[in-house]
Amino acid sequence: MPSLYQENVSAISEQRQRLIRKALPRIEENLHVHRDAHLAKISKGKIALDTPGWVRVNPAPPVSDHDRSFRLCVGFRNSGCEYRESDPKKLGCLNCGYYAGTAFENVDGEILLTQLQSAIRTAAKECTPYNAIEFLNDGSFLNPREFDRETQKALFSLVAQMPHIKRVLIESRANYIKSDSITFLLSCLRPDQRLEVGIGFESADDFVREVCINKGSSRKAFERAIQVLQTIQADEGKERVAILAYLLIKPAFLTPKESVEDIILTLKYFAGLQDRSGIEIIPKLEPAAIVDGTILSLLYAEKSSPFYYEPLNYWATLEILARTYSIPEIRRYCGTIRIGAREDMDDIVVVPAVYDEHGKFDPFDYVLYDAIQKYNQHHDVHKLFAVITGVFNSRIKGSMANYCSLLGWYNNAEIEQRGIVYFLDVESDKISAAAKSLFTQMETRFLIVAWDAMNGIEGLDEDHLDYYQAIKAAFDSEEPEDIKKHQIGEAVKKIFHRVDPRMVVQPKINVLSQADAGQKEIFLDVKDLLRNTKYSLWCRLS
Numbered sequence: 004m005p006s007l008y009q010e011n012v013s014a015i016s017e018q019r020q021r022l023i024r025k026a027l028p029r030i031e032e033n034l035h036v037h038r039d040a041h042l043a044k045i046s047k048g049k050i051a052l053d054t055p056g057w058v059r060v061n062p063a064p065p066v067s068d069h070d071r072s073f074r075l076c077v078g079f080r081n082s083g084c085e086y087r088e089s090d091p092k093k094l095g096c097l098n099c100g101y102y103a104g105t106a107f108e109n110v111d112g113e114i115l116l117t118q119l120q121s122a123i124r125t126a127a128k129e130c131t132p133y134n135a136i137e138f139l140n141d142g143s144f145l146n147p148r149e150f151d152r153e154t155q156k157a158l159f160s161l162v163a164q165m166p167h168i169k170r171v172l173i174e175s176r177a178n179y180i181k182s183d184s185i186t187f188l189l190s191c192l193r194p195d196q197r198l199e200v201g202i203g204f205e206s207a208d209d210f211v212r213e214v215c216i217n218k219g220s221s222r223k224a225f226e227r228a229i230q231v232l233q234t235i236q237a238d239e240g241k242e243r244v245a246i247l248a249y250l251l252i253k254p255a256f257l258t259p260k261e262s263v264e265d266i267i268l269t270l271k272y273f274a275g276l277q278d279r280s281g282i283e284i285i286p287k288l289e290p291a292a293i294v295d296g297t298i299l300s301l302l303y304a305e306k307s308s309p310f311y312y313e314p315l316n317y318w319a320t321l322e323i324l325a326r327t328y329s330i331p332e333i334r335r336y337c338g339t340i341r342i343g344a345r346e347d348m349d350d351i352v353v354v355p356a357v358y359d360e361h362g363k364f365d366p367f368d369y370v371l372y373d374a375i376q377k378y379n380q381h382h383d384v385h386k387l388f389a390v391i392t393g394v395f396n397s398r399i400k401g402s403m404a405n406y407c408s409l410l411g412w413y414n415n416a417e418i419e420q421r422g423i424v425y426f427l428d429v430e431s432d433k434i435s436a437a438a439k440s441l442f443t444q445m446e447t448r449f450l451i452v453a454w455d456a457m458n459g460i461e462g463l464d465e466d467h468l469d470y471y472q473a474i475k476a477a478f479d480s481e482e483p484e485d486i487k488k489h490q491i492g493e494a495v496k497k498i499f500h501r502v503d504p505r506m507v508v509q510p511k512i513n514v515l516s517q518a519d520a521g522q523k524e525i526f527l528d529v530k531d532l533l534r535n536t537k538y539s540l541w542c543r544l545s
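4 is the number of the first residue of the sequence shown in my numbering; add one for each residue after it.
As structure tokens, this is what we get:
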């Protein structure tokens, strides 16, 4: 199958490519030192191998009609990605920080099975129903040196016993995707369970993938994997196996403008490949988080460098969705595209979020992030924009773009083709129609309540200053972390109840950390116990 990518098309100019190539050896040398320092820091801690690196329940695409899906995400503490060691540079993917959650040693299959059982017990405490499991380990599930056949069988046999699980996702480098490996996994599942294979493709541009990311995997390897799945689908049926292609939003060295354009070019490549092969490719956008020990954290610390890494502004994610809908060639992906969560990595330094024109955290981030995560469930682009504009307009007078720094982001990023603004204008009637039914729903009204509560949590609402001070006092106290989290959770509950006494919520504090300029960073889930759903909030206290 000849490649469909146009070699002369790139979002990055030749001059910029030459500058990046020239600077890369020095940066990679510094990255070795930076990563070694991070490894020395994390190796001092005791690793509990009987529990996974992390467990999350996040919004997910529906498995069937009218399905409100969530997915159980499990980050195994396994031996880690083999490519990181086999890479001639001994760096692996430059942006990857998943190694921080690995065991740094070979892990027995029985222990990995124990980790999965632990993840299931942890998820049960949340009482959030899920019908999919995603194995998001560091490395490749299909690499027999990372997960041997017996381990794969044990894990999949357990999943096959869970009647509510309809979809299972694994991740693998493209070169490990072989026909016998996939058919073996399918044989371990029930006939009504679907297998999804996620590949970190990142970009169709060789320069971005091989130089900026150091992926070590070619387009040809990806296209060979497509051919393997094409054969399997002919035997098993399209409903049994599917392929996900992860695309990194804003790798190192790319400007916001270049990154958005690179994603659009890659989606066009997918469309051509899909039309030719008949295989559905499900894109998954992964907004880049700055994680310690990576090239992103290295360049983020070098404020004076010409390659300083500016944190990803979450407006870029919405811009990509708006442009995707506006281009007929790739509009199909608005119905399947997925957007990754931002809290499923270890040692995050800075999250992708909405930042104002001064680079400060904007509390409207919560509304935008939550609406995009819920988009994973409904895939209605007009509903997405109705939620974002409707929640905003219900509380703030004036232009969403001016208040929430969208225009500031456009100007700073030198983006002339403004997909969000264009979409809001051209699709205004459909957005209004979606909003009419949307804002009679209790869930959307809860979004408005949560937006008000966020301003209370961050001390922006004078009516809630007492609770804000209580949160800060708990954060700064000398109490053990579990007591701090309990005290903060109680204050958050009071804020929600004061905004709307009918609310019955249960906060869960996940992360307490110090951010830039002495800001206090809190990541929490708020469970709406009346409607059996949850919302993820990431806030900063000054």
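Note that beta-carbon positions come from the ideal geometry of N, C-alpha and C, so glycine has one too.
Beta-bridge pairing of W318 - partner residues as DSSP gives them: Paired residue(s): none; W318 is not in a bridge.
Short Cβ contact (8 Å threshold) for A248 with K287: Yes, the pair counts as a contact, with Cβ atoms nearer than the cut-off.
Reduced DSSP category for Q376 - H, G, I as helix; E, B as strand; rest coil: In the three-state DSSP reduction, Q376 falls in the helix class (H, G or I).
Among N513, E430, H361, the one whose alpha carbon lies nearest that of S539: With distances taken between Cα atoms, S539 lies closest to N513.
Cβ-based burial, C624 [other Cβ within 10 Å; buried from 16]: Beyond the ends of the chain as shown, which are 4 and 545, falls residue 624; an answer cannot be given.
Reduced DSSP secondary structure (H/G/I, E/B, other) of A135: Strand at A135.
Residue(s) in a DSSP beta bridge with Q517: Residue pairing for Q517: DSSP places it in a beta bridge opposite K523.
At least 3 beta-carbon pairs within less than 8 Å: the stretch 75-86 vs the stretch 129-148: Counting Cβ pairs under 8 Å, three or more are found: they touch.
Inter-residue spacing [alpha-carbon to alpha-carbon] between S160 and S307: So the two alpha carbons sit approximately 53 Å from each other.
Limits of the unbroken alpha helix (DSSP H) element including A157: 152-163 is the span of the alpha helix (DSSP H), which, as asked, contains A157.
Residue closest to G78, alpha-carbon to alpha-carbon, out of S89, Q230, L116: Residue L116 is the option with its Cα nearest to G78.
Neighbour-count burial assignment, I498, 16 or more Cβ in a 10 Å radius: Counting of Cβ neighbours within 10 angstroms places I498 among the buried residues, the total reaching 16 or more.
Closest Cα partner of V244 within the set F256, P254, K253, I229: The candidate whose alpha carbon is nearest that of V244 is I229.
Test item: CB-CB of D90 and N217 under 8 Å: The Cβ atoms of D90 and N217 sit closer than 8 Å to each other.
Any beta strand (DSSP E) of 3 or more consecutive residues that is wholly inside the stretch 334-393: The stretch 334-393 contains these whole beta strand (DSSP E) runs: 351-353.
Contacting residues, own chain, Cβ-Cβ under 7 Å from R334 (five flanking each side not counted): Contacts found: T327, Y328.
Sheet register partners of D531 (DSSP bridge): Paired residue(s): V508, T536.
G296 (DSSP reduced to helix, strand or coil): Coil.
Segment contact flag, the stretch 426-436 with the stretch 472-491, C-beta cutoff 8 Å, min 3 pairs: Look at the beta carbons and you see the stretch 426-436 not touching the stretch 472-491: under three pairs across the two are nearer than 8 Å.
Euclidean distance between Cα positions of P366 and G462: Just so you know, the alpha carbons of P366 and G462 end up roughly 10 Å apart.
Whole-angstrom distance between L321 and G56, CA atom to CA atom: If you draw a straight line from the Cα of G56 to the Cα of L321, it comes to about 30 Å.
Backbone secondary structure at F73 - three-state DSSP: In the structure shown, F73 adopts extended strand secondary structure according to DSSP, grouped into three states.
Through-space distance from S408 to A237, alpha-carbon basis: Each residue's alpha carbon lies about 49 Å from the other.
Host beta strand (DSSP E) of Y413 (start-end): Note, Y413: premise wrong, no beta strand (DSSP E); alpha helix (DSSP H) at 409-416.
Element boundaries [beta strand (DSSP E), containing E289]: Taken as a continuous stretch (DSSP letters only), the beta strand (DSSP E) holding E289 covers 284-290.
Cutoff 8 Å; reference V507; Cβ partners in own chain excluding five residues on either side: Cβ-Cβ distances below 8 Å link V507 to D531, L532, L533 in the same chain, with the five nearest sequence neighbours on each side left out; the list follows chain order.
Nearest-angstrom beta carbon gap, V60 and G131 [assumed within contact, 8 Å]: A small fix is needed here, since residue 131 is Thr in this sequence, not Gly. About 5 Å; that satisfies the 8 Å criterion.
Sequence-distant residues of its chain with Cβ nearer than 8 Å to F138 (five each side left out): For F138, where only same-chain residues beyond five positions count, the Cβ hits under 8 Å are V77, F79, F144, L158, V171, L172, I173, E174.
A453 and V529 closer than 8 Å at C-beta: Their beta carbons are under 8 Å apart, which means A453 touches V529 by this criterion.
CB contact flag (V231, S190, <8 Å): Taking 8 Å as the Cβ cut-off, V231 and S190 do not qualify as a contacting pair.
Straight-line Cα distance separating A319 from E548: Because residue 548 is not part of the residues shown, which for the chain are 4 to 545, the question remains open.
Reference A477, options A274, A494, R212, H467, closest by Cα: Closest by alpha carbon: A494.
First through last residue of the alpha helix (DSSP H) which encompasses N33: Looking at the DSSP string, the run of the alpha helix (DSSP H) that includes N33 is 17-45.
Beta-ladder partner(s) of E2, from DSSP: Only positions 4 to 545 of the chain appear in the structure, and residue 2 is not among them; the question remains open.
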